[in-house]
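Residue numbers (this note's numbering): 1 to 458.
Beta carbons: idealized from backbone N, C-alpha and C, even for Gly.
This report concerns only the one structure given below.
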Amino acid sequence: MSELFDPNIGTINCLAAWQQRYGRVIPCFWFWDPMLVVTDPAVLREITVKNFNIWADRYMLGHGDLQQQIIRKGVFFAEGASWKRIRRIITPTFSSTKLKLLTHHINLTSGRLAQKLRDSAVVGRPASAKNCFGAFALDVICGTAFGLDINSLQNINVPFMKHAQSLLSFDRYVQMRLTLVGLFPWVSKIFKMFNIGFFMNRDVNFFKENIMALIQDRKENETSQKFADFLQLLLNAEASDEEGIALGERKLTIDEIAAQGIIFLIAGYETTSSTLQFLSYELSRNQDVQEKLAEEIQSVFGEKEEPDYYNVKALKYMEAVINETLRIYPPVHLLSRQAEVDTVINGRTVPAGTAILIPVANIGRDPEFFPEPQVFRPERFLEKSKENVNPFTFLPFGYGPRGCIGLRLAMMEVKIALVHILRKVRVTSATPEHLELEEYTGVLVPKVPIQLNLRAVQ
1 MSELFDPNIG TINCLAAWQQ RYGRVIPCFW FWDPMLVVTD PAVLREITVK NFNIWADRYM
61 LGHGDLQQQI IRKGVFFAEG ASWKRIRRII TPTFSSTKLK LLTHHINLTS GRLAQKLRDS
121 AVVGRPASAK NCFGAFALDV ICGTAFGLDI NSLQNINVPF MKHAQSLLSF DRYVQMRLTL
181 VGLFPWVSKI FKMFNIGFFM NRDVNFFKEN IMALIQDRKE NETSQKFADF LQLLLNAEAS
241 DEEGIALGER KLTIDEIAAQ GIIFLIAGYE TTSSTLQFLS YELSRNQDVQ EKLAEEIQSV
301 FGEKEEPDYY NVKALKYMEA VINETLRIYP PVHLLSRQAE VDTVINGRTV PAGTAILIPV
361 ANIGRDPEFF PEPQVFRPER FLEKSKENVN PFTFLPFGYG PRGCIGLRLA MMEVKIALVH
421 ILRKVRVTSA TPEHLELEEY TGVLVPKVPI QLNLRAVQ
């Protein structure tokens, strides 16, 4: 194979064309780094589950040097033994018992979101999907992770919102840094020396300082145990000595606690926001799906019952709608792994250090796995049909030990939001007419912001 990536047609289209020509395991280079692009479910099972120990770490351009020191301690970017220890410690914070305690804040924020959309419907003004769902996602994170009620839905200009949007803007400055490091790998060492990373320092420092202040306040506040948010759960696992050195396998340092807080924000903000944007856009195009959702909500909850972690499990059609949205528009459309040792894949010897690229969106849009993939058809994920879905062809949350730790929280959050929204409004139409995607950084977002036209129902 000797072919250059074509940026003019986009990552998804380019990888689809490569697959047609070269198959489901494609050797290539990402700048100077050797890589395999894999869309074969059997090989993906081998990488993510069967031989996970060989492929436990993610591939990162610059080999970790493009993440600020605090970011590298977060569970998403951590490597090796550090990742295993951190993941093991924080996993209990996502148990069903703990998630149940978070539903009050999610309901509060969802109610505010639904009312904001209804207000737009009443005055006949289109609602900005990006602003509304972005503010909602941030408010939920601040409440469930840090016990803060910032209500950015009512004030889009709060500092938390500004820095969250900036943190995940991935502007040309970020793209230039990525390209520079790709072309000249030694530059990453200079970036590391000056703590220049993938994210803007001003935004990382804002959240680090605020989380550190919250931690200090909790440590000085004898009644801090009343908090049921993630920060308090992580603090309960903090090392007890003054220097913050981890004591054994069951403790986190202060920096590690702050890092998980930043990662919660990074992982939960854009992913939830973009999922709700794309879902609402598809509801505008598929009015029958929207009405089926409304009917299911009515049958499960009636007019008044409040959704929570347990009762939203009865929303089977809603879950299918969410999954179908994630199939077409996975927020993180590229996943990666990196070989720790020499290994063999598909009869091919793979040297240590070789990266694996998993194009999640391409797999979800593959007609071999999902017939008529361009058609929005939630029935694919209803019980009888779902049995035919190979789990390694539906990977919006990854799979295996390194799959998304917040999967159940994310699903609960989106379901509760939809219950409140569809009790108040219907999406009648949306713009732009043709949806183009920005996919440079691996996070799918609309190139042109989606505007929702709404109708009040109560």
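Practice task
Quick one: give me the first and last residue of the beta strand (DSSP E) that methionine 35 is part of.
Solution key: 33-38
Handout entry: Beta bridge counterpart(s) of aspartate 57 as assigned by DSSP
Key = Gln338
Problem - Endpoints, beta strand (DSSP E) assigned at phenylalanine 29 - result: 25-30
Practice task
Quick one: which unbroken alpha helix (DSSP H) runs of 4-plus residues sit fully inside the region 89-155? Chain order, please.
Solution key: 96-100, 103-123 and 129-146
Problem - Continuous alpha helix (DSSP H) assignments of at least 4 residues falling wholly in the region 252-308 - result: 254-285 and 287-301
Exercise for the section: Could you spell out the range, first to last residue, of the beta strand (DSSP E) harbouring proline 359? Expected result: 355-359
Exercise for the section: Return yes when the Cβ of valine 140 is within less than 8 Å of the Cβ of threonine 109, no when it is not. Expected result: yes
Exercise for the section: May I ask you to report which of helix, strand or coil DSSP gives isoleucine 405? Expected result: coil
Practice task
For histidine 105, count neighbouring Cβ atoms within 10 angstroms of its own Cβ and tell me buried if that reaches 16, exposed if not.
Solution key: buried
Problem - Segment limits, alpha helix (DSSP H) that includes asparagine 13 - result: 11-22
Exercise for the section: Determine the contact status of proline 41 and threonine 354, defining contact as a CB-CB distance below 8 Å. Expected result: no
Problem - Cβ-based neighbour list, glycine 268, same chain, cut-off 6 Å, excluding 5 preceding and 5 following - result: Ile141
Handout entry: Nearest-angstrom Cα separation, counted from aspartate 308 out to lysine 100
Key = 7 Å
Exercise for the section: Tell whether a beta-carbon distance below 8 Å holds between proline 396 and tyrosine 317. Expected result: no
Handout entry: Nearest to arginine 408 (by Cα), restricted to the options Leu102, Leu357 and Gln69
Key = Leu102
Problem - Cα-Cα separation, isoleucine 54 to proline 351 - result: 11 Å
Problem - asparagine 165 - containing alpha helix (DSSP H), residue span - result: Note that residue 165 is glutamine in the sequence shown, not asparagine. It spans 159-167 - the alpha helix (DSSP H) in which glutamine 165 sits, taken as one unbroken run.
Practice task
Report buried or exposed for glycine 23, applying the criterion of at least 16 other Cβ atoms within 10 angstroms of its Cβ.
Solution key: exposed
Practice task
Compute the Euclidean distance between the alpha carbons of glutamine 540 and tyrosine 281, then round it to the nearest angstrom.
Solution key: Since the displayed the chain opens at 1 and closes at 458, residue 540 lies outside it and no answer follows.
Exercise for the section: Excluding the 5 residues preceding and the 5 following leucine 180 in the sequence, name in chain order all residues of the same chain whose CB lies nearer than 6 Å to its CB. Expected result: Val187
Handout entry: Inter-residue CB distance, serine 284 and alanine 430 (contact presumed, cutoff 8 Å)
Key = 4 Å
Handout entry: Secondary structure of alanine 246, DSSP reduced to three states
Key = Note that alanine 246 scores a pLDDT of 43, beneath 50, so its modelled location is shaky and nothing firm can be said.
Practice task
Consult DSSP for alanine 78 and reduce its assignment to one of helix, strand or coil.
Solution key: coil
Problem - Cut-off 6 Å between Cβ atoms - residues of its own chain near proline 92, not counting five sequence neighbours on either side - result: none
Practice task
Output the residue ranges of the alpha helix (DSSP H) runs that lie fully inside the region 367-434 and measure 4 residues or longer, sorted by chain position.
Solution key: 383-386 and 407-424
Problem - For proline 330, three-class secondary structure by DSSP - result: coil
Problem - arginine 348 in three-state terms, based on DSSP - result: strand
Problem - Three CB pairs or more closer than 8 Å across the region 44-52 and the region 399-406 - result: yes
Handout entry: Beta carbon of arginine 426 nearer than 8 Å to that of leucine 454
Key = yes
Problem - Counted within 10 angstroms of its Cβ, other Cβ atoms place serine 240 as buried (16 or more) or exposed - result: In this prediction, serine 240 scores a pLDDT of 44, lower than 50, which makes its location untrustworthy; the coordinate-derived value is nonetheless stated afterwards. Exposed is the call here.
Exercise for the section: Please state if the CB of glycine 147 and the CB of aspartate 503 are separated by a distance shorter than 8 Å. Expected result: Outside the shown range of the chain, which is 1 to 458, sits residue 503, and nothing can be said about it.
Problem - Unbroken beta strand (DSSP E) run spanning leucine 66, endpoints - result: Segment: none, leucine 66 is in no beta strand (DSSP E) and carries neither H nor E.
Practice task
Report, in whole angstroms, the separation of the C-beta atoms of phenylalanine 160 and alanine 417, which I expect to be a contact under 8 Å.
Solution key: Phenylalanine 160 to alanine 417, Cβ: 19 Å. No contact.
Exercise for the section: Starting from asparagine 453, follow the alpha helix (DSSP H) in both directions and report where the run begins and ends. Expected result: Premise fails: asparagine 453 lies in the beta strand (DSSP E), 451-456, not in any alpha helix (DSSP H).
Exercise for the section: Closer than 7 Å by C-beta to serine 128: which residues in its own chain qualify, once you throw out the five before and the five after it? Chain order, please. Expected result: Pro449 and Gln451
Practice task
Excluding the 5 residues preceding and the 5 following phenylalanine 264 in the sequence, name in chain order all residues of the same chain whose CB lies nearer than 7 Å to its CB.
Solution key: Ile141, Ala145 and Phe230
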